[in-house]
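Colleague: The sequence shown begins at 1 in UniProt numbering and counts up by one.
Please find one structure pasted underneath; my questions will follow.
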Amino acid sequence: MSVTAATSPAVGSFHLCRRSPGPATIPRFRMTVRSTAVYLTPLVTKLHKDCATPLPVLRHVADAMAADMRAGLAAEGGSDLKMILSYVDSLPTGSEKGLFYALDLGGTNFRVLRVQLGGKEERVIATEFDQVSIPKDLMFGTSEELFDFIASGLAKFAQKEGNKFHLPVGTKREIGFTFSFPVKQTSVDSGILIKWTKGFSVSGTAGRDVVACLMEAMERLGLDMRVSALVNDTVGTLAGARYWDDAVMVAVILGTGTNACYVERVDAIPKLQDHVSSSGTTIISTEWGAFSNGLPLTEFDRDMDAASINPGEQIFEKTIAGMYLGEIVRRVLLKMAEEDALFGESIPEKLATPFALGTPDLCAMQQDTSNDLQDVGSILYKAAGVESNLSARKIVVEVCDTIVKRGGRLAGAGIVGILQKMEEDSKGLIFGKKTVVAMDGGLYENYPQYRRYLREAVTELLGDDIAKNVVIEHSKDGSGIGAALLAAANSKYRDYDL
Ligand code: BGC
């Protein structure tokens, strides 16, 4: 359902109509799109206007992203984008061998994985993983509690290692630790947490080496393993995807939070001093969630930001990532309930509760193709406690679509910004041949409309010919294997005959 394509009266036309049996009491504009009619209240119209992402807005975002990347590479603190050096200078080649573990602390889940790598011929011989959701109280607890939880998950998993996995005598199990928060890397296997994002507010970790925090927790449990690589989830995804395809140059996570990393030339990083890379390239984690230049924001974004635990920070993330889309929609619906009586006279407590509506709820509602939007009705009832009639449900779907469309299109513009910067520095090497952007994260994986809006924005910005060379590919759970591969590349026992 789209209400923006009001070009032909046969497809869409506006009528001023008085509210028929609907809950609201104000005059509405009705737009007919084929057989579905959506009531455009002044609030919906304003939302459309404030969230609009026409080509000039996308272009501005892409250009500003490229400019902010350059500023962040020029000097430490030179831009909103931290442009973090990963110390990963060479990506997997396929010849990695042996048993490696990966630990992944992301946003919603914590995952452990082991993989037996068999080199160029056998590749991934065996893999096993375990996943648990992170208990809410740990997100607000102490550093020790969080790392003890991680270490004990790892210990339990390690005990169940079956006979498909082989550790050479005299070696320790090695881990690639994916830690998906802004970390100032100090080497490939150490790094200081700059700040928490994605709603985490654990005391005592910011300013500390997260590998040391993990090692201390492992020691408390008597678990004798070695962390040989510390990586951001984007870097893990890039490594995991590159293992199968040499054309992968960029990786993007669109899940609870968001970030992107890419392959950069060492000589294009002025702030880098004394870093020697045998490949001449290195991976930069942009931390683009902190981008904020020229975004089309609404009062709902501003209010949500002001109420967050990190006001003024992670504005791009708060506009495009999974943790926030549901909450923005909830805020819009609450205002519509208050001002237009969208759901009748009373306002259920649930609708007024922050984060009551999740992005998966938006996604499920947008997949409802029934005439009476029954699923939309039951999701609204379950998540937000509201009773809705058909016209209210249509407005809800419209609001979801508006927020998701803005998110997907802005994410697409961000990707173009990165590619544009890379192309400017190495003419023809990005747009002149197949370049793969590896994508992962629940939002990208599970939300078809979001994916489509993202792709559309990329094509609008690049034009059909260049866009054909840019392959945006889902790399499922690549970051786990990627971290294990980077652990292999940085193994203390690299020269052992495995
Ligand atoms: C973090 C990034 C991470 C991204 C995706 C953001 O909130 O700052 O480090 O890569 O989420 O998980």
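No residue lacks a Cβ here, since even glycine has one placed at the ideal position from N, Cα and C.
In the DSSP assignment, find the alpha helix (DSSP H) that holds Gln420 and state where it starts and stops.
Modeller: Numbered from 1 along the sequence shown, position 420 holds the residue referred to as residue 420. That run of the alpha helix (DSSP H) goes 390-425.
Colleague: How far does the alpha helix (DSSP H) with Phe179 in it extend, from its first residue to its last?
Modeller: Reading the sequence shown from its first residue, position 179 is the one you call residue 179. That residue, Phe179, is in no alpha helix (DSSP H); its beta strand (DSSP E) goes 173-179.
Colleague: Assign Ala392 to buried or exposed, taking buried as 16 or more other Cβ atoms, counted over all protein chains shown, within 10 Å of its Cβ.
Modeller: Sequence index remark: in the sequence shown, residue 392 carries index 392 (1-based). Looking at its Cβ environment, which holds 16 or more other Cβ atoms inside 10 Å, Ala392 is buried.
Colleague: Would you kindly check if the distance between the Cβ of Ile284 and the Cβ of Ile84 is under 8 Å?
Modeller: Taking the first residue of the sequence shown as position 1, residue 84 is located at position 84. Taking the first residue of the sequence shown as position 1, residue 284 is located at position 284. Contact: yes.
Colleague: What is the C-beta distance between Gly255 and Gly153, in whole angstroms, given that I count them as a contact (C-beta under 8 Å)?
Modeller: Counting from one through the sequence shown, the residue named residue 255 turns up at place 255. Counting from one through the sequence shown, the residue named residue 153 turns up at place 153. The Cβ separation is near 19 Å, so there is no contact.
Colleague: Assuming Ile403 contacts Val329 (C-beta within less than 8 Å), just tell me the rounded distance between them.
Modeller: As a working mapping, residue 403 is identified with position 403 in the sequence shown. As a working mapping, residue 329 is identified with position 329 in the sequence shown. 5 Å between Cβ atoms; contact.
Colleague: Using the Cβ count rule (16 or more neighbours within 10 Å means buried), how would you classify Arg123?
Modeller: Position 123 of the sequence shown, counted from the start, is the residue given in the question as residue 123. The residue is exposed, with fewer than 16 neighbouring Cβ atoms inside 10 Å.
Colleague: Kindly examine the ligand BGC and report whether one of its heavy atoms sits closer than 7 Å to the Cβ of Thr197.
Modeller: The sequence position of residue 197 within the sequence shown is 197, counting from 1. Yes, Cβ of Thr197 sits closer than 7 Å to a heavy atom of the ligand BGC.
Colleague: So, is Ile309 buried or exposed, given that buried needs 16 or more other C-beta atoms within 10 angstroms?
Modeller: Sequence index remark: in the sequence shown, residue 309 carries index 309 (1-based). Ile309 is exposed by the Cβ-count criterion.
Colleague: Rounded to a whole number of angstroms, what is the C-alpha to C-alpha distance between Val440 and Tyr447?
Modeller: Here residue 440 corresponds to residue number 440 of the sequence shown, with the count starting at 1. Here residue 447 corresponds to residue number 447 of the sequence shown, with the count starting at 1. Looking at the sequence itself, residue 440 is Asp, so the reference to Val does not match. So the two alpha carbons sit approximately 12 Å from each other.
Colleague: Leaving out five residues before and five after His60 in sequence, what residues of the same chain have Cβ atoms less than 6 Å from its Cβ?
Modeller: The residue given as residue 60 occupies position 60 in the sequence shown. Gly294.
Colleague: Got a sec, what are the start and stop residues for the alpha helix (DSSP H) Lys97 sits in?
Modeller: Indexing the sequence shown from 1 puts residue 97 at position 97. Not the alpha helix (DSSP H): Lys97 falls in the beta strand (DSSP E), residues 97-105.
Colleague: Quick one: complete beta strand (DSSP E) runs, 3+ long, within the stretch 109-167?
Modeller: Taking only runs of at least 3 residues, the beta strand (DSSP E) segments lying wholly in the stretch 109-167 are 109-118, 124-133.
Colleague: Leaving out five residues on either side along the sequence, give the residues of the same chain with a beta carbon under 8 Å from the beta carbon of residue 499.
Modeller: Missing from the structure shown is residue 499; the chain here goes from 1 to 498 and no further.
Colleague: For Ser346, which residues does DSSP report across the bridge?
Modeller: Taking the sequence shown and counting its residues from 1, the one referred to as residue 346 is at position 346. Answer is none; Ser346 lacks a bridge partner.
Colleague: Tell me where the alpha helix (DSSP H) around Asn446 begins and ends.
Modeller: Within the sequence shown, residue 446 is the residue found at index 446, counting from 1. Its alpha helix (DSSP H) spans residues 442-446.
Colleague: By a C-beta neighbour count over all protein chains shown, 10 Å radius and 16 as the cutoff for buried, is Pro311 buried or exposed?
Modeller: Along the sequence shown, one-based indexing puts residue 311 at 311. Exposed: under 16 other Cβ atoms inside 10 Å.
Colleague: Between the C-alpha atoms of Lys434 and Val471, what's the straight-line distance to the nearest angstrom?
Modeller: Within the sequence shown, numbered from 1, the residue matching residue 434 stands at position 434. Within the sequence shown, numbered from 1, the residue matching residue 471 stands at position 471. Rounded to the nearest angstrom, the two C-alpha atoms are 7 Å apart.
Colleague: Nearest to Leu103 by alpha carbon, out of Val376, Leu91, Ile150?
Modeller: Working through the sequence shown from its first residue, we reach residue 103 at position 103. Nearest C-alpha to Leu103: Ile150.
Colleague: Assuming Ile379 is part of the alpha helix (DSSP H), what are its boundary residues?
Modeller: Start at 1 with the first residue of the sequence shown, and residue 379 comes out as number 379. Counting along the chain, the alpha helix (DSSP H) containing Ile379 begins and ends at 374-384.
Colleague: How is His474 classed by DSSP in three states: helix, strand or coil?
Modeller: In the sequence shown, residue 474 corresponds to position 474, counting from 1. Strand, per DSSP.
Colleague: Please state the DSSP three-state secondary structure of Arg265.
Modeller: Here the question's residue 265 lines up with position 265 in the sequence shown. Note: Arg265 maps to strand in three-state DSSP.
Colleague: Once DSSP output is grouped into helix, strand and coil, what is the label at Leu429?
Modeller: Taking the first residue of the sequence shown as 1, we reach residue 429 at position 429. Three-state DSSP puts Leu429 in coil, outside helix and strand.
Colleague: What three-state label does DSSP hand Leu230 in the structure shown?
Modeller: Taking the first residue of the sequence shown as 1, we reach residue 230 at position 230. Leu230 falls in the strand class under three-state DSSP.
Colleague: Quick one: Cα of Ser228 to Cα of Glu445, how far?
Modeller: Within the sequence shown, residue 228 is the residue found at index 228, counting from 1. Within the sequence shown, residue 445 is the residue found at index 445, counting from 1. Roughly 29 Å separates the two Cα atoms.
Colleague: Taking 7 Å as the limit, tell me which residues put their C-beta closer than that to any heavy atom of the ligand BGC, in chain order.
Modeller: Result (chain order): Gly106, Gly107, Ser180, Phe181, Pro182, Thr197, Lys198, Asn232, Asp233, Thr234, Ile253, Gly255, Thr256, Gly257, Thr258, Asn259, Ser285, Glu287, Gly289, Gln314, Glu317, Gly441.
Colleague: Taking only three categories from DSSP, how would you classify Thr32?
Modeller: Working through the sequence shown from its first residue, we reach residue 32 at position 32. Caution is warranted here: a pLDDT of 38 is assigned to Thr32, below 50, making its placement in the model unreliable, and no coordinate value can be reported.
Colleague: Could you give the DSSP three-state label for Arg494: helix, strand or coil?
Modeller: For the purposes of this step, residue 494 is taken as the residue at position 494 of the sequence shown. Arg494: coil per DSSP, three-state reduction.
Colleague: Between Leu81 and Phe343, is the Cβ-Cβ spacing less than 8 Å?
Modeller: Your numbering for residue 81 matches position 81 in the sequence shown. Your numbering for residue 343 matches position 343 in the sequence shown. Not in contact: Leu81 and Phe343 (Cβ atoms no closer than 8 Å).
Colleague: Report yes if the C-beta distance between Thr258 and Gly236 is below 8 Å; otherwise report no.
Modeller: Here residue 258 is taken as the residue at index 258 of the sequence shown, counted from 1. Here residue 236 is taken as the residue at index 236 of the sequence shown, counted from 1. In this structure, Gly236 does not lie closer than 8 Å to Thr258 by Cβ.
Colleague: What are the partner residues of Thr93, as DSSP defines its beta bridges?
Modeller: Stepping through the sequence shown from its first residue, residue 93 is reached at position 93. DSSP output for Thr93 lists no bridge partner at all.
Colleague: Using three-state DSSP, classify Thr282 as helix, strand or coil.
Modeller: Along the sequence shown, one-based indexing puts residue 282 at 282. Here Thr282 sits in strand by DSSP.
Colleague: Under 8 Å by Cβ, that's how I've got Val263 and Gly280 pegged, so tell me the actual separation to the nearest angstrom.
Modeller: In the sequence shown, counting from the first residue as 1, residue 263 sits at position 263. In the sequence shown, counting from the first residue as 1, residue 280 sits at position 280. No, Val263 and Gly280 are not in contact; Cβ-Cβ is about 10 Å, not under 8 Å.
Colleague: Going by C-alpha to C-alpha distance, which of Leu486, Tyr87, Ala487, His474 sits closest to Ile269?
Modeller: Residue 269 sits at position 269 when you count from the first residue of the sequence shown. Ile269 has its Cα closest to that of Tyr87, out of Leu486, Tyr87, Ala487, His474.
Colleague: Per DSSP, what kind of secondary structure is Thr53 in: helix, strand or coil?
Modeller: Here residue 53 refers to the residue found at position 53 of the sequence shown. Thr53 falls in the coil class under three-state DSSP.
Colleague: Quick one: grab the DSSP three-state call for Asn310.
Modeller: Within the sequence shown, residue 310 is the residue found at index 310, counting from 1. Correct three-state label for Asn310: coil.
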